[in-house]
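*Asks:*
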Amino acid sequence: MNAHFLSALPDELTTSRFVLKKTTLQDAFPLFQIWSDSAVAEFMNIEKFSSVYQAEEMIKAITAEPDAIRYTIFSQEQVIGSFGINEVNVANNTAEIGYELAQKYWRKGIMTELLRDFLPFLQDKLHLSGVYAKVIPENTASTILLKKLGFEISGEAHEWDQDNKQLSKVLIFEHSFEKASTF
């Protein structure tokens with residue numbers, strides 16, 4: 002894929018309760034506050050951040066990647082997390098999604114609402130055949146969320162765990178747009 006592929010996505014999206022804006026360096030400090038929480042970082046498969054500089058570098062890396070896009074999630078003008086496309090698999094016409102919320106917003110139905118709005122939008126705008134997410138087995142909340150939205154475990158992989166400095170198992174959840182039309 003190329004940068005033009007993701008240009009079909011707008012810089013800003015809204016739901017009934019949230020505003021999602023393409024992540025910029027202006028979001029570095031509030032995202033640093035989330036990414037420096039060890040409970041959040043554990044499920045992101047990163048080492049918790051210790052400086053705003055790390056958040057800035059992560060945002061620069063994401064925005065430089067032509068096959069990735071990240072949105073910062075705002076609730077009443079406060080940053081509560083982010084989500085987006087981590088990479089596009091050209092061979093399968095699928096995209097990997099990723100997301101995280103500040104811990105105080107966990108288990109409030111926020112990500113269910115956002116993904117129910119965002120996934121059909123991805124299907125419509127990007128004409129993908131499906132999406133997938135990689136989840137560490139200990140992240141039961143994400144496992145429940147994805148299953149509720151019709152994702153199925155399609156396999157597992159081992160990826161480098163930045164926090165533990167070793168290979169760790171991840172479950173791969175897939176959702177085929179061709180098999181199901183609702184979330």
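Note that the sequence shown covers residues 2 to 184 in this note's numbering. All residues carry an ideal CB built from backbone N, CA and C; glycine is no exception. Treat the numbers as computed from the prediction; the structure is a model and nothing was measured.
Pull up the CB-CB distance for H128 and L150, whole angstroms please, since I reckon it's below 8 Å.
*Replies:* Contact doesn't hold; Cβ gap of about 20 Å is too wide.
*Asks:* Classify K23 as helix, strand or coil using the three-state DSSP reduction.
*Replies:* Strand, per DSSP.
*Asks:* Nearest-angstrom Cα distance between L32 and G85?
*Replies:* So the alpha carbons of these two residues sit roughly 14 Å apart.
*Asks:* With burial defined as no fewer than 16 other Cβ atoms inside 10 Å of the residue's Cβ, what is the status of Y54: buried or exposed?
*Replies:* Classification of Y54: exposed, given that the 10 Å Cβ count is below 16.
*Asks:* What's the C-alpha gap between W36 and G99?
*Replies:* The straight-line gap from Cα to Cα measures roughly 14 Å.
*Asks:* What residue range is occupied by the uninterrupted alpha helix (DSSP H) comprising T141?
*Replies:* 141–149 is the extent of the alpha helix (DSSP H) around T141.
*Asks:* How many Å lie between E66 and K22 at the Cα?
*Replies:* Those two C-alpha atoms are separated by around 17 Å.
*Asks:* Is it right to say L26 is buried, meaning 16 or more other beta carbons lie within 10 angstroms of its own, or is it exposed?
*Replies:* Exposed, by the Cβ-count rule.
*Asks:* If we ignore side chains and look at the alpha-carbon of each, how far apart do D28 and S17 end up?
*Replies:* Each residue's Cα considered, the two are about 22 Å apart.
*Asks:* Rounded to whole angstroms, what's the CA-CA distance from A62 to I111? Just pull it up for me.
*Replies:* About 26 Å.
*Asks:* Strictly under 8 Å for the Cβ-Cβ distance: is S37 near chain D by that measure?
*Replies:* Included in the structure is just one protein chain, with no chain D present.
*Asks:* Which ranges does the beta strand (DSSP E) cover as unbroken runs of at least 3 residues, wholly within the region 41–90, from first to last along the chain?
*Replies:* 70–76, 79–90, all fully within the region 41–90.
*Asks:* Can you list, in chain order, the residues of its chain with a C-beta nearer than 6 Å to that of G156? Leave out the 5 residues immediately preceding and following it.
*Replies:* Excluding positions up to five away in sequence, the list reads I173.
*Asks:* By the three-class DSSP mapping on this structure, what secondary structure does M2 have?
*Replies:* Bear in mind that a pLDDT of 46 at M2, under 50, signals an unreliable position, so the model cannot answer this.
*Asks:* Skipping 5 residues on each side, what residues in its chain have a beta carbon closer than 6 Å to that of M45?
*Replies:* Contacts found: E101.
*Asks:* How is I111 classed by DSSP in three states: helix, strand or coil?
*Replies:* I111 falls in the helix class under three-state DSSP.
*Asks:* Near P138, what residues of its chain come up, given a Cβ to Cβ distance below 7 Å and the 5 sequence neighbours on each side ignored?
*Replies:* K170, L172.
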